[in-house]
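Position 83, counted from 1, in the sequence shown is what the UniProt record's numbering calls 83; the numbers after and before it change by one each time, with no gaps.
Written out below as structure tokens is the structure these notes cover.
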Amino acid sequence: MTLSARARAAARLAAVQALYQHEMERTPLAQLLDEFHRHRLGAEIEDAQYAEADVPFFDDVVKGTLARRDEIDGQIAARLAEGWKLDRLDRTMLQILRAGTYELLARADVPTATAISEYLDVAHAFFDAKEAKFVNGVLDAVARAVR
Numbered sequence: 001m002t003l004s005a006r007a008r009a010a011a012r013l014a015a016v017q018a019l020y021q022h023e024m025e026r027t028p029l030a031q032l033l034d035e036f037h038r039h040r041l042g043a044e045i046e047d048a049q050y051a052e053a054d055v056p057f058f059d060d061v062v063k064g065t066l067a068r069r070d071e072i073d074g075q076i077a078a079r080l081a082e083g084w085k086l087d088r089l090d091r092t093m094l095q096i097l098r099a100g101t102y103e104l105l106a107r108a109d110v111p112t113a114t115a116i117s118e119y120l121d122v123a124h125a126f127f128d129a130k131e132a133k134f135v136n137g138v139l140d141a142v143a144r145a146v147r
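Written as structure tokens, this is what we have:
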């Protein structure tokens, strides 16, 4: 994996964490970005070194996901099994799906397979194989609809 690919992977993971924080605490966007820029991206926390992240990419995913949240949620909801609603999804899972859907909608510079694969990796950081497979299925269905 190239340095720029690692930086984008770190940005995606951080974006999901920032979106989760926003969802749970309603942290205002400017404060949220500032906190991540100063304390999380590329920082050392509890002896764990966080990878250098592609900051402009991180900012775009977070800002874009929040700005287009209703559209994104509509895309995700349309791909869930009958009877399933967004509020049934784990909050972390929802942020992974939102960020992945944003990239599929708005980042034509990112190949479809790359976006899906990267968010599958993020899902593996938080969930077991069954949930990761769910992320793969939803994002694949979104990609077929929007690309």
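The C-beta atom is built at its ideal place from N, Cα and C for all residues, glycine as well.
Output needed for Leu-19: all residues of its chain with C-beta closer than 7 Å, excluding positions within five of it in sequence on either side, in chain order. As a first step, residue 19 must be located in the sequence shown, where it is residue number 19. These residues qualify, in order along the chain: Val-62, Thr-65, Gln-95, Arg-98, Ala-99.
Going along the chain, which unbroken runs of the beta strand (DSSP E) with 3 or more residues stay wholly within the UniProt domain "NusB/RsmB/TIM44" (10-144)? The DSSP assignment places no complete run of the beta strand (DSSP E) inside the UniProt domain "NusB/RsmB/TIM44" (10-144) (cut-off: 3 residues).
Assuming the contact rule is C-beta atoms closer than 8 Å, Ala-11 and Phe-57 should be a hit. Round their C-beta distance to whole Å, please. Translated into the one-based positions of the sequence shown, residue 11 becomes position 11. Translated into the one-based positions of the sequence shown, residue 57 becomes position 57. Yes, Ala-11 and Phe-57 are in contact; Cβ-Cβ is about 5 Å, under 8 Å.
Leu-105 and Ile-72 closer than 9 Å at C-beta: Position 105 of the sequence shown holds residue 105. Position 72 of the sequence shown holds residue 72. Cβ atoms of Leu-105 and Ile-72: closer than 9 Å.
Please look up how many angstroms separate the CB atoms of Ala-14 and Arg-38, rounded, as I've assumed it's under 8 Å. Looking up residue 14 in the sequence shown gives position 14. Looking up residue 38 in the sequence shown gives position 38. Wrong, their Cβ atoms sit about 13 Å apart, outside the cutoff.
Rounded straight-line distance, which links the Cα of Ala-115 to that of Thr-2: Counting from 1 along the sequence shown, the entry for residue 2 is found at position 2. Counting from 1 along the sequence shown, the entry for residue 115 is found at position 115. As the crow flies, the alpha-carbon of Thr-2 is around 16 Å from that of Ala-115.
With C-beta atoms as the reference, is Thr-101 less than 9 Å away from Val-55? Against the sequence shown, residue 101 aligns to sequence position 101. Against the sequence shown, residue 55 aligns to sequence position 55. Contact flag unset, no.
Quick one: what's got a C-beta closer than 8 Å to Arg-68's C-beta in the same chain, skipping five residues either side? As a working mapping, residue 68 is identified with position 68 in the sequence shown. Setting aside the 5 residues that flank it on each side, Arg-68 is surrounded in the same chain by Tyr-102, Leu-105, Ala-106, each with a C-beta closer than 8 Å to its C-beta; the list follows chain order.
Own chain, CB closer than 7 Å to Arg-8, minus 5 neighbours either side, in chain order: As a working note, residue 8 is residue 8 in the sequence shown. So the list reads Asp-54, Phe-57, once near-sequence residues are dropped.
Neighbourhood of Arg-147 by C-beta distance below 7 Å, restricted to the same chain and skipping five residues each side: Here residue 147 corresponds to residue number 147 of the sequence shown, with the count starting at 1. So the list reads Leu-104, Thr-112, once near-sequence residues are dropped.
Other residues of its chain near Ala-81: CB distance less than 6 Å, five sequence neighbours each side excluded: Here residue 81 is taken as the residue at index 81 of the sequence shown, counted from 1. Same-chain partners within the cutoff: there are none.
Tell me the DSSP secondary structure of Arg-147 in three-state form. In the sequence shown, residue 147 corresponds to position 147, counting from 1. DSSP places Arg-147 in coil when its eight states are reduced to three.
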